[in-house]
Amino acid sequence: MSRVVVAVGATSGIGRAAVREFARRGDRLVLAARAPRTLEEVRVECAAEGAEVLTVPTDVTTPGALDALAAAAVDRFGRIDVWVHTAAVTAYGRFDQLPARVFDQVVRTDLLAAADAARVALRHFRAAGSGTLILTGSVLGHMTAPYLSSYVAAKWGLAGLVRTLQQELRDSPDIHVCLVSPGSVDTPIYQRAANHLGHVGRPPPPVTTSRRVARAIVACADRPRREVSVGRLNPIMRLGFTVLPGLYDLLVGPLMRRLGIADRPAPAHDGVVFAPDPASESVRGGWLPDLAHLARRTAALPGEVGARVLRRAR
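With the first letter of the sequence shown counted as 1, position 305 gets the number 305 in full-length UniProt numbering; the numbers rise by one all the way through.
Rendered as structure tokens:
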């Protein structure tokens with residue numbers, strides 16, 4: 001029997017890639033995000049894979065919104081088997097120059113809303129006796145980087161919350177809480193970030209794909225794990241942060257300025273921290289080549305060349 005999957009943050013980046021993977025598996029989907037127009041686009045994508053889909057426009061920072069989302073899911077499908085929470089925003093800027101309202105909203109979205117999602121999901125899972133909650137952390141939930149104070153604070157808090165929930169659920173072996181922690185990912189979150197730094201942010205290499213993280217999420221739904229790290233250098237960076245803190249702190253600033261910040265100037269703006277931008281919502285951020293498109297173009301080349309030769313021969 002197909003699962004009922006609630007996916008929050010379904011219109012962009014990792015969340016959008018994940019719901020496509022669930023749709024291919026035949027799961028029934030409840031999709032939530034702030035932008036109704038983009039939600040409809042994702043519904044069509046998932047329906048094309050044969051999935052049954054309900055969309056619920058949801059701002060995770062609105063009191064009661066996640067309770068209403070859960071109620072809509074149960075009303076439509078009768079239960080919730082998996083809850084995937086990928087909704088997140090970020091902001092660039094030195095802590096003392098980042099407006100307090102921006103810092104607070106990032107923490108409200110990335111940590112407090114995730115906690116609210118956990119509260120709602122676990123209530124349903126306790127009643128049912130089973131269920132899987134998958135939260136999206138970050139390698140920056142285990143280490144730090146300058147100019148991302150609000151995001152780092154939120155992700156460290158989320159990692160602590162997940163560990164606590166896992167301890168509290170030891171009496172419920174069929175209820176699982178998983179944390180998927182990627183490093184740099186090719187998503188639009190960097191372009192969509194609030195920026196009070198003066199220069200555009202970018203993902204430091206190595207950069208992985210949204211689909212790779214999405215597959216890790218689906219794998220947790222299939223076989224729950226406490227935490228999954230996605231990123232080749234994540235273990236090395238975490239080790240350096242823990243074992244060689246002095247050297248780490250010496251190097252992280254210059255490396256961030258060289259690899260994580262572009263030379264291109266940026267005026268101060270709030271990005272999508274307070275309001276969505278449907279035009280910028282997509283799976284990819286453009287930081288990696290689109291290998292699938294390249295493969296399709298390469299496969300089509302012989303036919304195109306042959307057609308041109310025939311046209312000239314005539």
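The beta carbon of each residue, even a glycine, is placed where N, CA and C say it ideally should be.
*Would you decide whether T62 is buried or exposed? Buried here means 16 or more other CB atoms lie within 10 Å of its CB.*
exposed
*Can you tell which of R94, P182, I261, V4 has the C-alpha that lies nearest to the C-alpha of L135?*
P182
*Same chain only: Cβ atoms within 7 Å of R215, ignoring 5 sequence neighbours per side*: E21
*Apply the 10 Å Cβ neighbour rule to R284 and answer buried if 16 or more other Cβ atoms are within range, or exposed otherwise.*
buried
*What residues are listed by DSSP as bridge partners for I134?*
V84, C178
*asked:* Quick check: what's the CA-CA separation for A292 versus V82?
replied: Legend: pLDDT at A292 = 47, less than 50; position of this residue unreliable, value from coordinates given subsequently. Computed Cα separation, rounded: 29 Å.
_Beta-carbon within less than 7 Å of P265's beta-carbon, same chain only, minus the 5 sequence neighbours each way: which residues are those?_
G198, H199
_Report the CB separation of S130 from D174 in whole angstroms; it is logged as a contact under 8 Å._
4 Å
*Decide if the stretch 17 to 34 is in contact with the stretch 205 to 224; the criterion is three or more beta carbon pairs, one per stretch, under 8 Å apart.*
yes
*asked:* From the DSSP secondary-structure annotation, give me the bridge partner or partners of E227.
replied: L179
*What residues in its chain sit with their C-beta under 7 Å from that of G141, if we drop five residues either side in the sequence?*
K155, W156, L158, A159, S181
*Does the stretch 224 to 237 come close enough to the stretch 113 to 131 that 3 or more CB-CB pairs lie under 8 Å?*
no
_I want to know whether the stretch 270 to 277 touches the stretch 85 to 101 - three or more CB-CB distances under 8 Å._
yes
*Nearest residue (CA-CA) to residue 315, options G286, V120, A33, G201*: Nothing about residue 315 can be read from this structure; the chain reaches only from 1 to 314.
_In this structure, how does DSSP classify G26 when only helix, strand and coil are distinguished?_
coil
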